[in-house]
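Here the sequence shown is numbered in the working numbering, starting from 177 and rising by one per residue. Just so it is clear, CB atoms sit at the ideal spot from N, CA and C, and this is done for glycine as well.
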Amino acid sequence: MSGGGSGRGGGGRVTRCFRFVGRHSLDLGPLRELVASRETPDAFNFSRVPIPVDDPRVAGVVATARAELEALSDEKLCPLAINVRVVAVNASPPPDVGLENDEKGSFHPGFNWHNDQRKDERWLYTALFYDVRGVIRGGETIFDDDGGGLTRVAPATGRLLAFSSGPENTHRAGPTAGFGRRLVVQTQWGRPGVVVVHPFKTAGRFVWHAFQDAWGPPTECGGSWTRIHPIKTPRNALEGLRWSRLLVLLRDPVDRLLSEYAFFHAAPGDRCYAGTLPLKLRLVPPATSLEDFLARSRADHQIRFLLGEDDCDDSCVERALSLLEGAVVAIKDDPILSVENALRQFGVVAPRSSGSAFVDPPCPHLSERDLADPVLLRLALAATTLDRRLVGAIRSKRRRHDDEL
């Protein structure tokens, strides 16, 4: 293991430079079966198989690589790409390739000197897992060290090689000979961006413009930020986001419900006019009365959105609170858990002036005064039972936290 110091990756990203060799016991059987189906009878056969980062066949690889890399880099990381690379050999190397002199061996362009960050500047760290079957000679991962020396890491089943992905770890794969297969699971890692998660009518558009003003358009994992759309995301909004920095927007449940009704009854001249939405996204027919809307509303929209479930019971509150552990949670119009305070935690200033890209008059607004009729109030409370418990629990937790300080 070598480490210490710091280097600068692509795009001015500071990374901790290191190279680490360890050993782990992982079941790579499913990946062996996957690549075996692609081999040919050629003397030398190279294949590269991309694997989705959330594929269950690589769950153990991802968990192990993440634990090692986060300990070595001392930062939170997310997987950006996974490839399974295989060299299958069943003969001696060609006569013009000598295993004693790796400079002569180049069976595939991937064997040339390179650093992984040249392909994608978001790739800050690399972890390789080796699996060897048969009798293999060569196939080392060779590093070009400062001063002209070479460091070789031989492939061995269960071996993990982790290193920072910049030019400080320029490397190549050496030639391979023998009878068998050298399999490498290559994982690339970067820093997670911020993911804004917001149920419908919880100030999501306001926050969207705030981040866009500050950081530019949304991107994918490894970029600066992205957004989970409140209507177009029908299932678990937090699924697959365990590597991300989460900003979750909520709202007083009755207030949110009334805002949703007002939104779909805004006049055509209002900026929030729902008629600009595609027909399939217009959730409330314009002629619907408030009483009909409350009676027909799908109960507890916020908690169902977070969990991705159609029906929720009392257990959903604790499950939602568990999902929100580690997230920054904002509650619209809350004096302590305000959206503006949450944005400051990410170094983003809420847009307020006419110079901002976001200048939006408020939608026609209803309040609990519009629920003076006991029938309407009863319907609104019945439609928000679990949401009110969730928001109440978040507020109580924050008060306990403040009292302990």
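Of the candidates Ala338, Asn288, Gln293 and Val373, the residue whose Cα lies closest to the Cα of Ile479 is Val373. Pairing Asp320 with Thr302 gives a Cβ-Cβ distance that is not under 8 Å. DSSP places Val229 outside both helix and strand once states are collapsed to three, so it counts as coil.
With distances taken between CA atoms, Gly342 lies nearest to Trp365 out of Pro351, Pro331, Trp365 and Thr352. The Cβ atoms of Gly310 and Gly354 sit closer than 8 Å to each other. Distance from the Cα of Asp322 is smallest, within the candidate group Glu344, Ala338, Ser249 and Arg335, for Glu344.
A Cβ-Cβ distance of about 19 Å is found for the pair Arg242 and Pro206, leaving them out of contact under the 8 Å criterion.
Straight through space, the alpha carbons of Val308 and Glu246 are spaced by roughly 26 Å. In terms of Cβ geometry, Thr363 and Val238 form a close pair [threshold 8 Å]. Bounds of the beta strand (DSSP E) holding Ser340 are Arg335 to Ser340. Per the C-alpha coordinates, the member of Gly198, Ala503 and Thr352 positioned closest to Val424 is Ala503. Uninterrupted alpha helix (DSSP H) stretches at least 4 residues long and entirely within the segment 333-391 occur at 380-391, given in chain order. Look at the beta carbons and you see the segment 479-498 touching the segment 550-562: at least three pairs across the two are nearer than 8 Å.
Boundaries of the beta strand (DSSP E) harbouring Asp320: Thr317 to Asp320, taken from the DSSP string. Per DSSP, Ala239 is one residue of the alpha helix (DSSP H) stretching across Ala235 to Ser249. Separation of the CB atoms of Val329 and Leu336 is rounded to 10 Å, and the pair is thereby denied contact status at 8 Å. The straight-line gap separating the alpha-carbon atoms of His200 and Val361 is approximately 13 Å.
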